[in-house]
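S.K.:
In the UniProt record's numbering, the protein residues as written are 1 to 523.
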């Protein structure tokens, strides 16, 4: 569905879950109290994703980030080489040894296709003047000047037409296409700007004919990602579900334990969102490039639409780009940034991501700490009972044929937990599907998911409201559940006299057989 299709008031065919029903506390002391930055607690539901880079890739800083709630470490393959990323991964695993019991998943973010301007004959920058003509040539070996610049996209003349807009250098230069030639296009410069070499270019509203998995991406995945045991791949510039299906085929059996997160970054991705969501394990809303490809005033609506559909399907959604951008250089965020993070939580995001703030910023620990605290504050004002009812209604409307037994059991378990005021939901899950279905209905308490497979434990690091814990096996269900209750007491999730809801199958160690819910006292 294109952004024009949801530029009105609702997403056709879907109940937009949108903002969670919130109950605002009238305790002003709670609002005015300043939290100096306490360590992470297990009560936070929203997941924290941080990009690795020079500012945070040493062991000591990584330990501090784990203490502040790091759930997923993002390795950005737009930068760095195999050796650099391998050293960072080694440091992360060393840091985790200092924090036994903590789980941090690893995400490889692909570079993806890109269109860039070329080099200049004189190097440096050239000055463009509003109203001047500028030719873009597809001869990428051409050394340009202020009148003619090379473009790396060979099919540029066939992709745009007179009247099309071309944006350069993160939108700081706007060009209007006047004519298309066999080997280039003539444009009109719309604003004054000084532009350097090899700047990114965006073609809003244009279907770009470039593969999202090219030679570099395939090499990064097959020769670094899979050998190093990554848990997620964030696939850049996904435009069709077949992009994801093709990557699964490329990875084959070696990639069976890798979940694929599709990054939606242009109008074509929005247009084919349902097919992409069907093929993917989750979605990343990459608002930087998306804001170049669709009108900026539409980005919030695209974000809400994608979150609503992911929530409806029970698939994780990550909100990314410029969340606390000012904290690259400042110790505190702007008020608009703080509101942006909080509203993403209220809208239903599973995770929020830091990019330059953690990778290259001056205050990486401050950034993740403040991001965590904003998430906690936003979660604290959600009316979970009302939210559950809205989600269940939306799910039932979208599934007139009825739900699966497992989903019905999970929905009932969340409702039961609310009715008996349980402090925790315990889930025994082989593949993680039971835990994901419980989280889909947004319980007001945490889901403690017990899994025997390390890959399942790591994949659940992306699911809002789920704490994953590895167990040796599922033999002896009652003993495992009691051990989970004991763990909950140790870490402060429950206390004596509380109730917990346990969800599992009657057949031990059988995937997809969840059919039992029970309420247990904490003794």
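Ideal Cβ placement from N, Cα and C applies to all residues, glycine included.
(1) Going by DSSP, what residues sit across from residue 201 in a beta bridge?
(2) Count the CB pairs spanning the stretch 408-420 and the stretch 435-444 that are closer than 8 Å, and state whether there are at least three.
(3) Let me check one thing: in DSSP terms, what residues is residue 179 bridge-paired to?
(4) Who are the Cβ neighbours of residue 114 in its own chain at under 7 Å, not counting the five residues just before and after it?
(5) Have a look at residue 36 and residue 158 and give me their C-alpha separation to the nearest angstrom.
(6) What's the gap between the Cα of residue 273 and the Cα of residue 455?
(7) Would residue 292 and residue 320 be called neighbours here (beta carbons separated by less than 7 Å)?
(8) Is the beta carbon of residue 117 closer than 7 Å to that of residue 166?
(9) Should residue 219 go down as buried or exposed, given a rule of 16 or more other Cβ atoms within 10 Å for buried?
(10) In three-state terms, what does DSSP make of residue 255?
(11) May I ask you to report which of helix, strand or coil DSSP gives residue 524?
(12) If you draw a straight line from the alpha carbon of residue 129 to that of residue 187, how long is it in whole angstroms?
(13) Can you find the residues in the same chain that come closer than 7 Å, C-beta to C-beta, to residue 340, ignoring five residues on each side of it along the sequence?
(14) Would you identify the three-state DSSP class for residue 399, choosing helix, strand or coil?
(15) Helix, strand or coil for residue 74? Go by DSSP, reduced to three states.
(16) What is the DSSP secondary structure of residue 136, reduced to helix, strand or coil?
(17) So, are the CB atoms of residue 364 and residue 151 less than 7 Å apart?
(18) Identify, in the order they occur along the chain, each residue of the same chain with its Cβ nearer than 6 Å to the Cβ of residue 132, setting aside the five sequence neighbours on each side.
(19) In chain order, what residues of the same chain lie with their CB nearer than 8 Å to the CB of residue 71, ignoring the 5 residues before and after it?
(20) Here's a check: name, in chain order, each residue in its chain whose Cβ is nearer than 6 Å to the Cβ of residue 259, leaving out the five neighbours to either side.
(21) Over what stretch of residues does the beta strand (DSSP E) that includes residue 505 continue unbroken?
(22) Figure out for me which residue from 139, 489, 112 and 58 has the closest Cα to the Cα of residue 94.
(23) How about residue 429 and residue 394: are their beta carbons less than 7 Å apart?
(24) Under the rule that 16 or more other beta-carbon atoms within 10 Å means buried, what is residue 524, buried or exposed?
(25) Under a three-way DSSP split, which group does residue 87 fall into?
(26) Can you check whether the CB of residue 501 is closer than 7 Å to the CB of residue 42?
(27) Smallest Cα separation from residue 418: which of 482, 248 and 499?
(28) Ordered along the chain, which non-local residues of its own chain (more than five positions away) have a Cβ less than 6 Å from that of residue 435?
(29) So the candidates are 516, 40, 333 and 230; which of them puts its Cα closest to the Cα of residue 257?
(30) How many Å lie between residue 191 and residue 175 at the Cα?
(31) Using only CA atoms, which one of 348, 328 and 304 lies nearest to residue 316?
M.R.: So, from the listed chains and residues:
(1) Note: residue 201 sits in a beta bridge opposite 168.
(2) These segments touch.
(3) Note: residue 179 sits in a beta bridge opposite 186.
(4) For residue 114, where only same-chain residues beyond five positions count, the Cβ hits under 7 Å are 200.
(5) Because the pLDDT of residue 36 is 48, which lies under 50, any placement of that residue in the model is unreliable, and the number read from its coordinates should be weighed accordingly. Roughly 56 Å separates the two Cα atoms.
(6) C-alpha separation (whole angstroms): 27 Å.
(7) Cβ atoms of residue 292 and residue 320: not closer than 7 Å.
(8) Contact: no.
(9) By the 10 Å Cβ count, residue 219 comes out exposed.
(10) Note: residue 255 maps to helix in three-state DSSP.
(11) The chain is shown only over 1 to 523; residue 524 falls outside these bounds and no answer can be derived.
(12) Here the alpha carbon of residue 129 sits roughly 12 Å from the alpha carbon of residue 187.
(13) Within the same chain, residue 340 has close Cβ partners 323.
(14) Coil at residue 399, not helix or strand.
(15) In the structure shown, residue 74 sits in a strand (DSSP, three-state: E or B).
(16) Residue 136 falls in the strand class under three-state DSSP.
(17) Cβ distance not < 7 Å, so residue 364 and residue 151 don't count as in contact.
(18) Result list for residue 132: 189, in chain order.
(19) Closer than 8 Å at Cβ, skipping near neighbours: 47, 48, 49, 103, 104, 105, 351, 461 and 462.
(20) Only 232, 281 and 459 meet the Cβ criterion.
(21) For residue 505, the enclosing beta strand (DSSP E) has its first and last residue at 499-505.
(22) In terms of CA proximity to residue 94, 58 leads the group 139, 489, 112 and 58.
(23) Contact: no.
(24) Not covered by the structure: residue 524. The range shown for the chain is 1 to 523.
(25) It is helical.
(26) No, Cβ-Cβ distance for residue 42 and residue 501 is not below 7 Å.
(27) Of the candidates 482, 248 and 499, the one whose C-alpha sits nearest the C-alpha of residue 418 is 499.
(28) Only 427, 429, 447, 449, 460 and 466 meet the Cβ criterion.
(29) Its Cα nearest to that of residue 257, the residue 230 stands out among 516, 40, 333 and 230.
(30) Going by C-alpha positions, residue 191 is about 8 Å away from residue 175.
(31) Answer by Cα proximity: 348.
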